[in-house]
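Asks: Take the sequence shown: its position 129, counting from 1, is numbered 192 in my numbering, and each next residue is one higher. By construction, the Cβ of each residue, glycine as well, lies at the ideal position given by its N, Cα and C atoms.
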Amino acid sequence: MGKALEVIGLSKRFLGLQALKEVSLHLEEGEILAVIGPNGAGKSTLLNLLSGLIKPDQGRILLLGRDISHLPPETRTHLGLGRAFQIVQPFPELSVRENLLVGALFGKPGLKRKEAEAWVAEVLDLTGLAPRAEALAGELTLLEDKRLELARALATRPKVLLLDEVMAGLRPKEAEEAVALVRRIRDSGVSVLFIEHLMPVVRALADRVVVLDHGEVIAEGTYEKVAQEERVREAYLGRRA
Ligand SMILES: Nc1ncnc2c1ncn2[C@@H]1O[C@H](COP(=O)(O)OP(=O)(O)OP(=O)(O)O)[C@@H](O)[C@H]1O
Ligand SMILES: [Mg+2]
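(1) How many Å lie between A389 and V223 at the Cα?
(2) Does DSSP classify Q121 as helix, strand or coil?
(3) On the criterion of 16 or more Cβ atoms from any shown chain inside 10 Å, does F77 qualify as buried, or is it exposed?
(4) Less than 8 Å between the CB of K118 and some heavy atom of ligand 1, yes or no?
(5) What is the DSSP secondary structure of D227, reduced to helix, strand or coil?
(6) Might you give, ordered along the chain, the residues of its own chain that have their beta carbon closer than 7 Å to the beta carbon of A179, omitting 5 neighbours on each side?
(7) So does I124 have its beta carbon nearer than 8 Å to some heavy atom of ligand 2?
(8) Let me check you understand the geometry: is the CB of D227 closer than 8 Å to at least one non-hydrogen atom of ligand 2?
(9) Assign K175 to one of three DSSP states: helix, strand, or coil.
(10) Let me know the secondary structure DSSP gives R271 once reduced to three states.
(11) Is any heavy atom in ligand 2 found nearer than 8 Å to the beta carbon of K75?
(12) How far does the alpha helix (DSSP H) with E11 in it extend, from its first residue to its last?
(13) What three-state label does DSSP hand S114 in the structure shown?
(14) Where A218 and E279 are concerned, what is the direct C-alpha to C-alpha distance, given to the nearest angstrom?
(15) CB I131 to CB L142, shorter than 9 Å?
Here it is in structure tokens:
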């Protein structure tokens, strides 16, 4: 298996603040990787750099071996990088199906309408949204909203999916369902990098965990391994105190 994503020496400074400092990490093909760390560690900055919303000061990002560091976000999407946001932002006056069609057509320019419709039907099945396909996006429950946000990212046919705290606000039972959904997405052939504050979710979902603190990678390994490391405990305790 190759590398779905490779980050090499990525740095980003905001005015006086070094938000990321020479971060290197990778995502294997077929892997689910969690990026965790205390508030302000640089997690969202990393995701924004990966999806191209902001530009790095230094470092490179490879998507399936190809350097995407200087490509705009939409080109990254076309090359197979999908992203779901914590703040769900569908078109509220369009149906669930229509929202996904927009995603499918946006993700792959030149895609035929029939092919897009067939793909959307698959995504509706995979995400459990098929019974709600004709509902307006603005009428969904919070759990359905989260499913739609995942489905919209999937509609662009990503090979690599970036998730930014998509479980936030869900009840434990709902988070369990969302965990199962992300597993199904991985099993369908998508590599997943996710940011999450909920440790039970990280533990249940991640094959491997990378811990950031003050913009640097301070630990890497299985959940059980990193959770025991002194540096990780200190990073979390230090902020809570
Ligand atoms: N656009 C920006 N301008 C200035 N500073 C920023 C900007 N974006 C992030 N920062 C700062 O960079 C640091 C890292 O922020 P980031 O949002 O990446 O952390 P995070 O790990 O996602 O935190 P949280 O868990 O609270 O979401 C923080 O100190 C933050 O205030
Ligand atoms: Mg964040």
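Replies: With the given structure in hand:
(1) Nothing about residue 389 can be read from this structure; the chain reaches only from 64 to 304.
(2) Locating residue 121 in the sequence shown gives position 58, counting from the first residue. Residue state, collapsed to three classes: strand.
(3) Here residue 77 corresponds to residue number 14 of the sequence shown, with the count starting at 1. By the 16-neighbour rule on beta-carbons within 10 angstroms, F77 is exposed.
(4) Counted from its first residue, the sequence shown places residue 118 at position 55. Not so, every heavy atom of ligand 1 lies at least 8 Å from the Cβ.
(5) As a working mapping, residue 227 is identified with position 164 in the sequence shown. If DSSP states are grouped into helix, strand and coil, D227 belongs with the strands.
(6) Reading the sequence shown from its first residue, position 116 is the one you call residue 179. Within the same chain, Cβ atoms closer than 7 Å to the Cβ of A179 are found at L164, A167 and L168, the five residues on either side in sequence being excluded.
(7) Mapped onto the sequence shown, residue 124 falls at position 61. The answer is no for I124.
(8) Counting from 1 along the sequence shown, the entry for residue 227 is found at position 164. At least one heavy atom of ligand 2 lies less than 8 Å from the C-beta of D227.
(9) Against the sequence shown, residue 175 aligns to sequence position 112. If DSSP states are grouped into helix, strand and coil, K175 belongs with coil.
(10) For this step, residue 271 is matched to residue 208 along the sequence shown. Here R271 carries a strand assignment [DSSP, helix/strand/coil].
(11) Here the question's residue 75 lines up with position 12 in the sequence shown. Because no heavy atom of ligand 2 lies under 8 Å away, the Cβ of K75 does not count as near it: no.
(12) Outside the shown range of the chain, which is 64 to 304, sits residue 11, and nothing can be said about it.
(13) To locate residue 114, count along the sequence shown from 1; it is residue 51. Of the three classes helix, strand and coil, the one that applies to S114 here is helix, per DSSP.
(14) The residue labelled residue 218 in the question sits at position 155 within the sequence shown. The residue labelled residue 279 in the question sits at position 216 within the sequence shown. A218 and E279 have their C-alpha atoms spaced approximately 33 Å apart.
(15) Within the sequence shown, the letter at position 68 stands for residue 131. Within the sequence shown, the letter at position 79 stands for residue 142. Yes, the Cβ-Cβ distance between I131 and L142 is below 9 Å.
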